[in-house]
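Trainee: Residue numbers (the working numbering), protein chains in the order written: chain A, 13 to 231; chain B, 13 to 231.
Below is the structure I would like to discuss, written out as structure tokens.
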DNA sequence: ACCTTTCCGTTGTAAAAACAACCGACTTGT
DNA sequence: ACAAGTCGGTTGTTTTTACAACGGAAAGGT
């Protein structure tokens, strides 16, 4: 687990905390590590969570399959990001989604109670972690609102424009690379892949944008 | 402001804090009250927030209008609920939505910095408020995920089934009353009102459900 | 080098949604 | 009591999407 301390240091959760302090806090927060093969499930719909999960290697998708097999990628977790903050309240019910490793992945679990219950003087940086978690959840909240902004658009074209505009803005450039292939982007925006592909090409033909694979350029 | 202390006591934010303690904390948290007439904007898209807003009277809608006038109700704030938790992080940018009073409303603003910076011993219950805010944001996070679950369904019927099923579950009954009229529900689910109305009636004719105004019964 | 798999664009068809327009019932204000 | 406005259902048309199926290019493994 110590190998991953440099990665933890760069996470939102431990921002501003030194590696030495993190090492000390690992036991204080009851940290536990686990690895998953590509395709393995980290969590299943219906489970009850009591931990914050930080991804230190690989990539996770939070996804939901409905009764008829339509898959929606609710979110994508990259190295350094975490999962489970939506379920830290005691009254939170069961997990609503599946969490799947789409690459070989390593995660570290932190006991929620240990985090939000400020412990003895042993953890001088504990309050900073609490504040970091605050900001992190708040940010994730905001991201969900943004995604909602995209998906609530009525047509595939509008969804694409909404998403791509934001990516351009986020990268401060009309050219950028998105972290999804076509199928994943379609799932993310909750539309049909072929229809979306079609719409993308129409937009390209109309001169709205250019793309090659995952690299886009807005005009 | 003191008139609303009983209401604050029943909010998530002040759960477990006595009215006397709340009264003491109001100044500690730099609480400020403001009233709005029906239709007035509490916040406009593009503003920067530094406060948590608690609604103590009336009703608010968080909504977004796109370039072409389509309105999406991102969320609905009832008395006792709060807004602004998605923007408490210092790196949070501008507000992405409008917040509108749809009834004459009264809100109380709390300075974010004052909340998350634990103050001196004067506020014995401060840490409880911090923990409450944690759970509240976490819960809101979860609600957004649930709404995403509805909206990411492909068809109007599926969205309706998803939403209504959840309402039934939440009320522990096949019969329940929803807090939206038809237009608001359509906006919430990001679909066309008439198409949705049509679909609802089809589902009724197929025996899937019954309804009268906002009262629904699933079969 | 060959086979397999994945990815992405393309096409045609059927289904569904958006849109516009209208009407009757019910509220609300005066 | 009347006028104006809101609300919800209905219908027909146009636009958009979902779905299924195919093929070529690229990637990956043996």
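C-beta: ideal position from N, C-alpha, C; glycine also.
Measuring CB to CB, does residue 54 (chain A) end up less than 8 Å from residue 124 (chain A)?
Mentor: No; because the gap between Cβ atoms is not below 8 Å, this pair is not in contact.
Trainee: Can you give me the start and stop residues for the alpha helix (DSSP H) that residue 56 (chain B) sits inside?
Mentor: First-last for residue 56 (chain B): undefined, no H or E at that position.
Trainee: Which class does residue 207 (chain A) belong to by DSSP, given the choice of helix, strand or coil?
Mentor: It is helical.
Trainee: Under 8 Å between beta-carbons, which chain B residues line up against residue 99 (chain A)? List them in chain order, please.
Mentor: Here the neighbours are 150 and 154.
Trainee: Is there at least one Cβ from chain B nearer than 8 Å to residue 209 (chain A)'s Cβ?
Mentor: Chain B contact via Cβ: absent.
Trainee: So is residue 63 (chain B) buried or exposed if we call it buried at 16+ other beta carbons inside 10 Å?
Mentor: Classification for residue 63 (chain B): buried.
Trainee: If contacts are defined as beta-carbon pairs under 8 Å, then residue 164 (chain B) and residue 39 (chain A) qualify, I think. What distance do you get, rounded to the angstrom?
Mentor: At roughly 40 Å, the Cβ-Cβ gap does not stay under 8 Å, so residue 164 (chain B) and residue 39 (chain A) are not in contact.
Trainee: Please classify residue 79 (chain A) as buried or exposed, where buried requires at least 16 other C-beta atoms within 10 Å of its C-beta.
Mentor: Note that residue 79 (chain A) scores 46 on pLDDT, short of 50, meaning its location in the model is unreliable and no value can be drawn from it.
Trainee: Is the beta carbon of residue 207 (chain A) sitting closer than 8 Å to the one on residue 167 (chain A)?
Mentor: Contact: no.
Trainee: For residue 93 (chain B), which of B:26, B:157 and B:223 has the nearest alpha-carbon?
Mentor: Among B:26, B:157 and B:223, the Cα nearest to that of residue 93 (chain B) belongs to B:26.
Trainee: Using Cβ-Cβ distances below 8 Å, what residues of the region 155-171 of chain B are close to chain A?
Mentor: Within the region 155-171 of chain B, the residues whose Cβ lies closer than 8 Å to some Cβ of chain A are 156, 157, 158, 159, 160, 161, 163, 164, 165, 166 and 170, listed in chain order.
Trainee: Express the C-alpha separation of residue 139 (chain A) and residue 126 (chain A) in angstroms, rounding to a whole number.
Mentor: Answer to the nearest angstrom: the Cα atoms are 12 Å apart.
Trainee: Might you give, ordered along the chain, the residues of its own chain that have their beta carbon closer than 6 Å to the beta carbon of residue 121 (chain A), omitting 5 neighbours on each side?
Mentor: Hits under 6 Å: 44, 63 and 65.
Trainee: Can you name the residues that DSSP bridges to residue 227 (chain B)?
Mentor: Looking at the DSSP assignment, residue 227 (chain B) forms a beta bridge with B:189 and B:224.
Trainee: Within the same chain, show all residues whose beta-carbon is closer than 6 Å to that of residue 149 (chain B), passing over the 5 residues directly before and after it, in chain order.
Mentor: Within the same chain, residue 149 (chain B) has close Cβ partners 97.
Trainee: Look at residue 115 (chain A) and residue 89 (chain A) and say whether their C-beta atoms are less than 8 Å apart.
Mentor: Against a cut-off of 8 Å, the Cβ pair of residue 89 (chain A) and residue 115 (chain A) comes out as no contact.
Trainee: For chain B, is any of its Cβ atoms less than 8 Å away from the one on residue 205 (chain A)?
Mentor: Output row for residue 205 (chain A): interface = no.
Trainee: Looking only at C-alpha atoms, which of B:161, B:117 and B:152 sits nearest to residue 49 (chain B)?
Mentor: Comparing Cα positions, the closest option is B:117.
Trainee: If you pair each beta-carbon of the region 185-195 of chain A with each one of the region 172-192 of chain B, do three or more pairs fall below 8 Å?
Mentor: Touching, no, given that fewer than three Cβ pairs across the two stretches are closer than 8 Å.
Trainee: Assign residue 37 (chain A) to one of three DSSP states: helix, strand, or coil.
Mentor: Reduced to three states, the DSSP call for residue 37 (chain A) is helix.
Trainee: Helix, strand or coil, according to DSSP, for residue 215 (chain A) in the structure here?
Mentor: If DSSP states are grouped into helix, strand and coil, residue 215 (chain A) belongs with the helices.
Trainee: Would you please verify whether the beta carbon of residue 89 (chain A) is less than 8 Å from any beta carbon of chain B?
Mentor: No, its Cβ sits nowhere closer than 8 Å to a Cβ of chain B.
Trainee: From the DSSP output, read off the bridge partner residues of residue 45 (chain A).
Mentor: Answer is A:120.
Trainee: For residue 177 (chain A), I'd like the list of residues in its chain whose CB is within less than 8 Å of its CB, leaving aside the five on either flank, ordered along the chain.
Mentor: For residue 177 (chain A), where only same-chain residues beyond five positions count, the Cβ hits under 8 Å are 230.
Trainee: With 8 Å set as the bound, which would you pick, yes or no: does the beta-carbon of residue 202 (chain A) sit closer than that to a beta-carbon of chain B?
Mentor: Yes - at least one Cβ of chain B is within 8 Å of the one on residue 202 (chain A).
Trainee: Give me the chain A residues within the contact set of residue 104 (chain B), using Cβ-Cβ distance strictly less than 9 Å, ordered along the chain.
Mentor: The contacting residues are 147, 150, 151 and 154.
Trainee: Mark residue 73 (chain B) as exposed unless 16 or more other C-beta atoms lie within 10 angstroms of its C-beta, in which case mark it buried.
Mentor: Looking at its Cβ environment, which holds 16 or more other Cβ atoms inside 10 Å, residue 73 (chain B) is buried.
Trainee: Using beta carbons (cut-off 8 Å, strictly below), is residue 143 (chain B) in contact with chain A?
Mentor: Yes - at least one Cβ of chain A is within 8 Å of the one on residue 143 (chain B).
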